[in-house]
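S.K.: One structure, as structure tokens, below. Some questions next.
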Amino acid sequence: MKKTLFLTISLAAILMASTLSFAQEKKPEKTAVKGVQAELIALMQLAEDRFLALAEVTPQEKYSWRPAKGVRSIGEVYTHMIQANYGLPNFVGVKPPADAPKDLKEITDKKEIIGHLKKSFAHTRKVVAEMSDAQLETPTKFFGNDTTFRGVLSFMNSHTNQHLGQSIAYSRMNGIVPPWNAANN
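Residue 1 is where the sequence shown starts when you use the numbering used here, and the numbers rise one by one after that.
Spelled out as structure tokens, the structure:
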């Protein structure tokens, strides 16, 4: 009996500790979206929140920092994400909004980049939210490969997280602690 109680309490403590960090994250807004679309939006929202938090705490003068010649700078990673958020939905038949920036190489101001990041992430969430279950299974070509709309949306999430990791590394290399880590220390 004591052993079972001890194991139950230990398991509960481990589960609570492992979810504490995730529980402190901003919760995605409740929407009428269900199923795979809701799951994709929740994952996108988590990455978006972290991207924006990093962009906010990174000083303007660090936006031009790059780890080596020929590698994207911090600001260029952010503008690449803007470009991807507007460009990748083309593979599922959704064009960028008319007000999407055309020449991102010219955008270097932190506030302007953050504004465009917010709009571009809102665009990706809208693309996912408006897609039906049937549309998810629509076949498409994606960079020469056969996939479905669901595959494209999954790639978008993976791509975002890849560059989030890159941005975290860049931040750490510049002595910037990601805000969600600073909050836990």
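Backbone N, C-alpha and C define an ideal beta-carbon position, used for all residues, glycine too.
So, is Glu-48 buried or exposed, given that buried needs 16 or more other C-beta atoms within 10 angstroms?
M.R.: Locating residue 48 in the sequence shown gives position 48, counting from the first residue. Glu-48 is buried by the Cβ-count criterion.
S.K.: Mind listing, in chain order, the continuous alpha helix (DSSP H) runs of no fewer than 4 residues lying wholly within the stretch 40-107?
M.R.: Correct list: 74-87.
S.K.: Around the C-beta of Val-92, are 16 or more other C-beta atoms found within 10 angstroms, so that it is buried, or is it exposed?
M.R.: Indexing the sequence shown from 1 puts residue 92 at position 92. That one is buried.
S.K.: Run through the DSSP bridge pairs and tell me what Pro-139 is partnered with.
M.R.: Translated into the one-based positions of the sequence shown, residue 139 becomes position 139. In DSSP, Pro-139 forms a bridge with Thr-148.
S.K.: Leaving out five residues on either side along the sequence, give the residues of the same chain with a beta carbon under 7 Å from the beta carbon of Asp-133.
M.R.: Against the sequence shown, residue 133 aligns to sequence position 133. The residues are Gly-35.
S.K.: Excluding sequence positions up to five away, which residues of its chain have a Cβ less than 8 Å from the Cβ of Gln-24?
M.R.: Working through the sequence shown from its first residue, we reach residue 24 at position 24. A caution first: Gln-24 carries a pLDDT of 47, below 50, which makes its placement in the model too unreliable to give a value.
S.K.: Expressed to the nearest angstrom, what Euclidean distance is found between the alpha-carbon atoms of Asp-103 and Ile-41?
M.R.: To locate residue 103, count along the sequence shown from 1; it is residue 103. To locate residue 41, count along the sequence shown from 1; it is residue 41. If you take the alpha carbons of Asp-103 and Ile-41, they lie about 27 Å apart.
S.K.: Does the distance from the CB of Gln-60 to the CB of Lys-110 come in under 7 Å?
M.R.: Here the question's residue 60 lines up with position 60 in the sequence shown. Here the question's residue 110 lines up with position 110 in the sequence shown. Yes. Within cutoff.
S.K.: Between which two residues does the alpha helix (DSSP H) containing Gly-115 stretch?
M.R.: Here residue 115 is taken as the residue at index 115 of the sequence shown, counted from 1. First-last of the alpha helix (DSSP H) with Gly-115: 110-129.
S.K.: Mind the definition here: the stretch 160-176 touches the stretch 75-85 only if three or more C-beta pairs lie below 8 Å; say whether that holds.
M.R.: Judged by Cβ distances under 8 Å, the stretch 160-176 makes contact with the stretch 75-85, as three or more pairs qualify.
S.K.: So, with DSSP's three-state summary, where would you put Ala-32?
M.R.: Residue numbering aside, residue 32 sits at position 32 when the sequence shown is read from its first letter. It is coil, neither helix nor strand.
S.K.: Whether or not the stretch 82-98 and the stretch 122-130 are in contact is what I'm after, with contact meaning three or more pairs of Cβ atoms, one per stretch, closer than 8 Å; do they touch?
M.R.: Segments in contact, yes.
S.K.: Take Ala-32 as the anchor and find which of Met-131, Ile-168 and Ala-53 has the nearest alpha-carbon.
M.R.: Numbered from 1 along the sequence shown, position 32 holds the residue referred to as residue 32. Minimum Cα distance to Ala-32 is reached at Met-131.
S.K.: Examine the ligand GDP and report whether any of its heavy atoms sits within less than 6 Å of the Cβ of Phe-51.
M.R.: Among the components of this structure there are no ligands whatsoever, and the ligand GDP is therefore not found.
S.K.: Would you kindly check if the distance between the Cβ of Tyr-86 and the Cβ of Ile-74 is under 7 Å?
M.R.: Here residue 74 is taken as the residue at index 74 of the sequence shown, counted from 1. Here residue 86 is taken as the residue at index 86 of the sequence shown, counted from 1. Cβ atoms of Ile-74 and Tyr-86: not closer than 7 Å.
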